[in-house]
Amino acid sequence: MKYIQLRLAEPDAEKREILIAGLAEEGFESFEEDAGYLLAYIQAESYTEQVALAVRAMHAGTVHKAEIAQQNWNAEWEAGFEPVHVDGFCTIRADFHAADTNVPYEIIITPKMSFGTGHHATTRLMIQQMKNIDFAGKSVLDFGTGTGVLAILAKKLGAGEVLAIDNDEWSYENTLENIAANKVNGIVVKKGSLELAEGRKFDIILANINRHILLQYMVQMHHVLPEHGMLLMSGILDADEQIVLTEARHAGFKNTSVFAEGKWLCIVVAR
């Protein structure tokens, strides 16, 4: 699998977060910062003329394009991957890092293209809120699982049935690898979208995706939850708070709580 790397002259922090959100909605999967540039990665087959035009509309500065082979990209990623510590509660690290004995929960991942290494504010926000939820025996749906990190944490927190779904082949394979690395059982991984959960109920849905997908599937997520079920959403910029909250209310959700890190939000609602 080949990827396109775009090297964009990096804007200030506020505009950078907005740019990342916009690129994610166009299909870009991962982002890095490098010496004043934002590096954005998308599968080569997904980089259409329409996407290129959308990038130009979002970013007026210099854009350099390069084709990156999968194995070369992974080597670069692994070389720069550092452990992530979340509030003394959870550490996310690679297998080549030393174990962290100072936290109750540790998750080992194989760094790849998949979103969800813990370096992004949205993953940290989700983990911070998971800390405050009783997962014991609960059924959990991780919608857009990425690396599987949230599904793995849910299982470590005592969840019963866990279904992790993602429509990206790399994420699907990476999640299976990471489940094995963490020696957790009871997580089912499927490639696809929310239709895989139709006709079933889950006590908790974890959805760290993006605004577009959250809005598209808000009603379906409500249907998948039982009465008093919980939905944790992230991948939301603060500028999009009201549109997401409005759609959640229209779908029938209530008891809204909003948490922020910088420009990014985690919204927790209940059915």
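Going by numbering that gives the first Met the number 0, the first residue of the sequence shown is number 0, and it counts up by one from there.
We put the CB at the ideal spot given by N, CA and C, even for glycine.
query: Quick check: what's the CA-CA separation for H249 versus I17?; result: 26 Å
query: Kindly list the residues whose CB is nearer than 7 Å to the CB of D239, restricted to its own chain and excluding five residues on each side of it in sequence; keep chain order.; result: R210
query: Count the other C-beta atoms from every protein chain shown that fall within 10 angstroms of the C-beta of S256, then say buried if there are 16 or more, exposed otherwise.; result: exposed
query: Have a look at K262 and A53 and give me their C-alpha separation to the nearest angstrom.; result: 22 Å
query: Do you know how far the Cα of A43 is from the Cα of G21?; result: 18 Å
query: Whole angstroms is fine: what's the gap from V188's alpha carbon to V50's?; result: 29 Å
query: What first and last residue would you give for the beta strand (DSSP E) that runs through V268?; result: 263 to 269
query: Return the CA-CA distance between R270 and V62, expressed in angstroms with no decimal places.; result: 44 Å
query: From this set, I108, S170, Y216, A259, which residue's C-alpha is nearest A247's C-alpha?; result: Y216
query: Enumerate, from N- to C-terminal direction, the unbroken beta strand (DSSP E) stretches of 3 or more residues contained entirely within the segment 124 to 148.; result: 139 to 142
query: Starting from Y171, follow the beta strand (DSSP E) in both directions and report where the run begins and ends.; result: Where Y171 is concerned, there is no enclosing beta strand (DSSP E), although the alpha helix (DSSP H) it sits in stretches over 168 to 181.
query: Answer with buried or exposed for S45, where buried requires no fewer than 16 other C-beta atoms within 10 angstroms of its C-beta.; result: exposed
query: Leaving aside the five residues before and after G136 along the sequence, list all residues of the same chain whose C-beta is less than 6 Å from its C-beta, in chain order.; result: G159
query: Assign S45 to one of three DSSP states: helix, strand, or coil.; result: helix
query: Can you confirm whether the segment 157 to 174 touches the segment 212 to 228 when touching is taken to mean that 3 or more C-beta pairs between the two stretches lie within less than 8 Å?; result: no
query: Mind checking whether S233 and L124 have CB atoms under 7 Å apart?; result: yes
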